[in-house]
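Residue 137 in numbering that gives the first Met the number 0 sits at position 138 of the sequence shown; the count goes up by one each step and never skips. Yeah, the Cβ is synthetic: ideal placement off N, Cα and C, and Gly gets one too. Take a look at the structure set out below.
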Amino acid sequence: MVDESYRTATVQGREVPYDPEQMRKVNEHPCYSEKACHAFGRCHLPVAPKCNIQCNYCIRDFDCVNESRPGVTSKVLTPEEGLDLVRKVVKDYPFVKVIGIAGPGEPLANPETFEALRLVHEEFPHLIMCLSTNGLMLPESIEELAKYNVGNITVTLNAVDPAIGEKIYSWVEYNGKKYHGREAAELLLS
0 MVDESYRTAT VQGREVPYDP EQMRKVNEHP CYSEKACHAF GRCHLPVAPK CNIQCNYCIR
60 DFDCVNESRP GVTSKVLTPE EGLDLVRKVV KDYPFVKVIG IAGPGEPLAN PETFEALRLV
120 HEEFPHLIMC LSTNGLMLPE SIEELAKYNV GNITVTLNAV DPAIGEKIYS WVEYNGKKYH
180 GREAAELLLS
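Following this line, the structure appears as structure tokens:
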């Protein structure tokens with residue numbers, strides 16, 4: 000007799016606990032599933048204007064009608080405006096299943112991110128919530144993100160070597176202090 004109380008799934012050759020809710024999130028998230036890309040949509044809420052790092056390649060002061068990547072926006076929304084947008088999108092486009100926050104700055108460096116997540120989660124708990132972050136403030140934010148059911152988090156990692164990172168980042172700001180050069184890269188990678 001097989002014990003059905005503990006199922007596993009094979010992911011990249013490893014056995015992991017099977018979680019049907021997480022599988023639903025993966026299967027309905029257009030960023031993580033090729034099939035979902037053609038069946039489901041996502042809506043990004045540009046509620047996070049401030050950034051706690053400055054990447055040498057990043058320019059957030061303009062947008063373009065042909066630019067639709069996270070981090071680029073024509074207007075930063077308040078959390079309330081973000082909720083209004085979600086209401087409209089879900090009503091007009093019921094195939095949208097994912098609400099994401101990816102900027103235009105660093106979501107975790109903006110209290111508006113958490114307010115937007117709270118508002119959307121309270122009204123639309125069935126939607127998949129996701130977030131893109133540079134990861135600097137992730138350890139101290141993870142419990143609050145879990146409270147709002149943010150189940151998909153993307154961490155941008157531009158370097159694994161501080162010698163390369165110091166060439167990519169002009170500065171990193173953490174706990175009110177600005178770091179430069181190798182020290183900045185080491186902090187971000189720690």
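query, result
"Count the other CB atoms, across all protein chains shown, that sit within 10 Å of the CB of Met128; report buried if there are 16 or more and exposed otherwise.", "buried"
"Quick one: which unbroken beta strand (DSSP E) runs of 3-plus residues sit fully inside the stretch 107-136? Chain order, please.", "127-132"
"Give me the Cβ distance between Pro110 and Asn148, rounded to the nearest whole Å; I'm assuming they're in contact under 8 Å.", "19 Å between Cβ atoms; not a contact."
"Terminal residues of the continuous beta strand (DSSP E) containing Val154?", "Val149 to Val154"
"If the criterion is Cβ atoms closer than 8 Å, does the pair Glu122 and Leu82 meet it?", "yes"
"With Arg41 as the anchor, note down where its beta strand (DSSP E) starts and where it stops.", "Gly40 to His43"
"From Leu76 to Pro16, what does the alpha carbon distance come to, in whole angstroms?", "38 Å"
"Output needed for Glu14: all residues of its chain with C-beta closer than 8 Å, excluding positions within five of it in sequence on either side, in chain order.", "Thr7 and Ala8"
"Rounded to whole angstroms, what's the CA-CA distance from Thr112 to Gln21? Just pull it up for me.", "22 Å"
"Would you kindly work out how many angstroms separate the C-alpha atoms of Val159 and Asp91, rounded to a whole number?", "42 Å"
"What's the call for Gly99, buried or exposed, on a 16-neighbour Cβ count within 10 Å?", "buried"
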